[in-house]
Every structure is written in C-alpha cells, then in structure tokens.
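K.L.:
Quick one: structure below, then a few questions.
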Amino acid sequence: MSPTDRIPPPPPLRAVRTEAKCPVCGRPAAPKYRPFCAKRCADIDLGRWLKEGYRVPTDEAPEDAPGDGAEGRSGHGV
5 MSPTDRIPPP
15 PPLRAVRTEA
25 KCPVCGRPAA
35 PKYRPFCAKR
45 CADIDLGRWL
55 KEGYRVPTDE
65 APEDAPGDGA
75 EGRSGHGV
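In structure tokens form, the structure reads like this:
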C-alpha cells in the first residue's frame, strides 16, 4: 500500500449560484432579457454599443476612417 492510497478524496464541490444583476441598472436579471432586467435596459446597452460608448483606452492615434474623402484628394479615387 502506497502513502497516497491513505489520503481521503476531497469533498465534492458545490456550485454556488448567485443572482445575476443587470449591468445597466443593477436590478435582478429577467430570464427573457438575460443578462438585463428588461427590454429598456437591453435597448440602452445596444445604444451604447452603436454609439461606440464602449471603448478600450489606448495611446495610439486613430486610423483614417474609410470614406473620409482621402481617395479623391490623391487623384486615384473613383
């Protein structure tokens, strides 16, 4: 018998379930709109995405956006 045969197995892990909170207002999430509490909060979050409200801060300069008119100035555009 080896020394490891005498070590008791660890107790089974239990999943701890916490109630999810709406990321917009903090109320409990509704299953229909999860992770949000209501359609209103889901729409608020969508608006933030569409208006580019969620950004990662960076020190880099932004790249030129396509269609900014630079093609026409060089004489090689359509």
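Convert by adding 4 to the 1-based position in the sequence shown; the result is the number in our numbering.
All C-beta atoms, glycine included, are put in the ideal place defined by N, C-alpha and C.
Because the structure is a prediction, the values reported are computed rather than measured.
Would you say Asp49 and Pro27 are within 9 Å of each other, going by their C-beta atoms?
P.N.:
yes
K.L.:
If you check the beta carbons only, do Ala24 and Arg38 fall under 9 Å apart?
P.N.:
yes
K.L.:
With a 10 Å radius around its C-beta and 16 neighbouring C-beta atoms as the bar for buried, classify Cys29 as buried or exposed.
P.N.:
exposed
K.L.:
Compute the Euclidean distance between the alpha carbons of Pro61 and Lys36, then round it to the nearest angstrom.
P.N.:
33 Å
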